[in-house]
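Student: These protein sequence lines are chains V and B, in that order.
Start counting the first sequence at 1; every next residue gets the next number (the working numbering).
Start counting the second sequence at 1; every next residue gets the next number (the working numbering).
This is the structure, below, for whatever I ask next.
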Amino acid sequence: MKTQTDFQHMSDELDAILEQFQSGELTIDQATEAFERGMQLVGKLEKYLKTAENKVIKVKANFSNNKE
Amino acid sequence: MSDLILSVTDFVALLNQTLEFAYPSVVVVGELANFRVSKDRWVYFDLIDENASVKFFATIHQLPGPLEDGLTLQVKGLPRLHPQYGFSVNVQFMSVAGKGSIKKAAALLEAKLRQEGLFDVDRKRVLPYVPQTVGLITSQGSAAYHDFIKIMNERWSGITIELADVQVQGEAATQQIIEAIGYFNTHSKPVDVLVITRGGGSPEDLSVFSSESVTRAVAGSRLPTLVAIGHEIDISLAELAADKRASTPSNAAQLLVPDKHEITASLRSKRLNLWQAVLGDIEVYRQAALNKKQQLIHIAQQTIDISRHNILSRRQTLLALSPAAVLRRGYTILRQREKVVTSSRLLETGPTDIKFADGQSTVYIRREPVA
């Protein structure tokens, strides 16, 4: 996962999986599959928070009387 | 040396050259008097104190906001002698000075902009949460920049911050900030949110963010804006015009992104929820399977019981119908010449087998006259 958007999508997917569980309508096969996907998402989200960094890019545009 | 004799025009030109040489520009502070605007374009006013009065000339675009006589102004300008209208200072930059005047000018401007609807609540947009890209307008060397970046790094990850390094006080600040807002608003890849911030300072320092032009630029931004100027108690007009106001640069970062430590904790609890949910589901299915097994065993048992009962009852019936059972009740079977004697008419004399329940005897039947 590289971007904040990916993070958001995965976070949403994880919440959707938890909601599915709460609905109690999953078959045992679906529950197993959803569980595995959910754990995978938790792992990726945790990794993103641990490893990603913010990036500062200085705008190159010249503003009036800009200090050098 | 004889006196220098000049034409009026030459005198004015000479005086202007002298002024330009001696005072390339001057900064004068005084009380505003005789303020008037001509043709919605030209501005004439005097600055006065107890003993003197000087005329000034400006264009309407140079005004820091609505003004009225009595305010203290600080004006930078070029002293000039106009060929027809006499002496005046051509304004290069002007700002309201002194705490009381700044407050009063800000109140005048605030009333005007409020009237126009720039601060209306229904204009406010919700900031994207969490933004992927942030346009940051501040001074790179400032504590505000470092505070904002520090808190952003502490709280969240993976965000691209585009920094427009501008002056946040002084003459050039207003124009630079307006241009930076314009830059982000016309950029081909728009950022998700604009953050405009600076730390605390004197009322004069902060006045840039209460100027009409900066306030209008913030209000006119197509990109959602978060503005944090000064300390908690300072409220600039740019903050009122922004979609959201933060009390400090650090607070701006807090409002912009969630705390990753909280999210990590919530992820831990979601992991636990997943475990509980899947184990719960498995338990439900296991219980259901167990119940079905019990039902099956019960049904099978019932079926066996019914069959056994049927067999027993039929056995009883069979036993009751058996000839042996009849014999036990005292009946006997007579056989003569291997045939069962079923009628008195068939009874003959001769050897006869009598079958009892517990055995058999052979007798001889004779016909004798009955005495």
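Cβ coordinates follow ideal geometry from the N, Cα and C atoms, glycine included.
I'd like the span of the beta strand (DSSP E) that includes Lys55(V), first residue to last.
Tutor: 55–58
Student: Compute the Euclidean distance between the alpha carbons of Asn185(B) and Gly220(B), then round it to the nearest angstrom.
Tutor: One alpha carbon belongs to Asn185(B), the other to Gly220(B), and they sit about 10 Å apart.
Student: Under the rule that 16 or more other beta-carbon atoms within 10 Å means buried, what is Pro131(B), buried or exposed?
Tutor: With a threshold of 16 other beta carbon atoms within 10 Å, Pro131(B) meets it and is buried.
Student: Considering only C-alpha positions, which residue in the set Tyr331(B), Asp259(B), Val126(B) is nearest to Arg222(B)?
Tutor: Val126(B)
Student: Along chain V, in chain order, which residues have C-beta atoms closer than 9 Å to that of Ile233(B)?
Tutor: Within 9 Å Cβ-Cβ: nothing; Ile233(B) doesn't reach chain V, min ~29 Å.
Student: May I have the straight-line CA-CA distance separating Ser313(B) from Val284(B), to the nearest angstrom?
Tutor: Those two C-alpha atoms are separated by around 43 Å.
Student: Check the Cβ of Met152(B) against every Cβ in chain V and list those closer than 8 Å, keeping chain order.
Tutor: Neighbourhood of Met152(B) in chain V, by CB distance below 8 Å: Asn54, in chain order.
Student: Can you round the beta-carbon distance between Val54(B) and Leu47(B) to whole angstroms, since I take them to be within the 8 Å contact cut?
Tutor: Approximately 5 Å separates the beta-carbon atoms of Val54(B) and Leu47(B); this is inside 8 Å, confirming the contact.
Student: Residues in the region 157–172 of chain B with C-beta within 7 Å of chain V's C-beta atoms, listed in sequence order?
Tutor: Ser157, Gly158, Ile159, Thr160, Ile161, Glu162, Leu163, Ala164, Asp165, Val166, Gln167, Ala172
Student: Throw me the rounded Cβ distance for the Ala111(B) and Ser210(B) pair, which I believe falls under 8 Å.
Tutor: The Cβ separation is near 13 Å, so there is no contact.
Student: Tell me the DSSP secondary structure of Lys67(V) in three-state form.
Tutor: Only weak support exists for where Lys67(V) lies, its pLDDT of 45 falling under 50; the value from the coordinates is given anyway. Three-state result, Lys67(V): coil.
Student: Please list, in chain order, all residues of the same chain as Thr9(B) whose beta carbon is under 7 Å from its beta carbon, the five residues on each side excluded.
Tutor: Pro83
Student: Per DSSP, what kind of secondary structure is Thr197(B) in: helix, strand or coil?
Tutor: Residue state, collapsed to three classes: strand.
Student: Consult DSSP for Lys76(B) and reduce its assignment to one of helix, strand or coil.
Tutor: In the structure shown, Lys76(B) sits in a strand (DSSP, three-state: E or B).
Student: Does Glu68(V) pass the burial test, meaning 16 or more other C-beta atoms within 10 Å, or should it be called exposed?
Tutor: Interpretation of Glu68(V) is limited by its pLDDT of 40, a score under 50 that renders its predicted location unreliable; the figure taken from the coordinates is listed afterwards. The residue in question, Glu68(V), is exposed, as its Cβ has fewer than 16 Cβ neighbours within 10 Å.
Student: Return helix, strand or coil for Gly43(V), following the three-state DSSP convention.
Tutor: helix
Student: Please state if the CB of Thr197(B) and the CB of Ala242(B) are separated by a distance shorter than 7 Å.
Tutor: no
Student: Quick one: give me the first and last residue of the alpha helix (DSSP H) that Tyr145(B) is part of.
Tutor: 143–155
Student: Just to confirm, is the Cβ distance from Tyr23(B) to Pro66(B) under 7 Å?
Tutor: no
Student: Should Ala61(V) go down as buried or exposed, given a rule of 16 or more other Cβ atoms within 10 Å for buried?
Tutor: Within a 10 Å sphere around the beta-carbon of Ala61(V) sit fewer than 16 other beta-carbons, which makes this residue exposed.
Student: Are the region 142–161 of chain B and the region 44–53 of chain V touching, with three or more C-beta to C-beta distances below 8 Å?
Tutor: yes
Student: In whole angstroms, what separates the C-alpha of Ala277(B) from that of Gln302(B)?
Tutor: Looking at the two C-alpha atoms, the distance is approximately 37 Å.
Student: Closest Cβ-Cβ distance between Tyr16(V) and chain B: below 7 Å?
Tutor: Correcting the residue type first, residue 16(V) is Ala in the shown sequence and not Tyr. So, not an interface residue.
Student: For the region 34–64 of chain V, which residues have a CB atom closer than 7 Å to at least one CB atom of chain B, in sequence order?
Tutor: Phe35, Gly38, Met39, Val42, Leu45, Glu46, Tyr48, Leu49, Ala52, Glu53, Asn54, Lys55, Val56, Ile57, Lys58, Val59, Ala61, Phe63, Ser64
Student: Could you name the residues that DSSP lists as bridge partners for Phe356(B)?
Tutor: Gly359(B).
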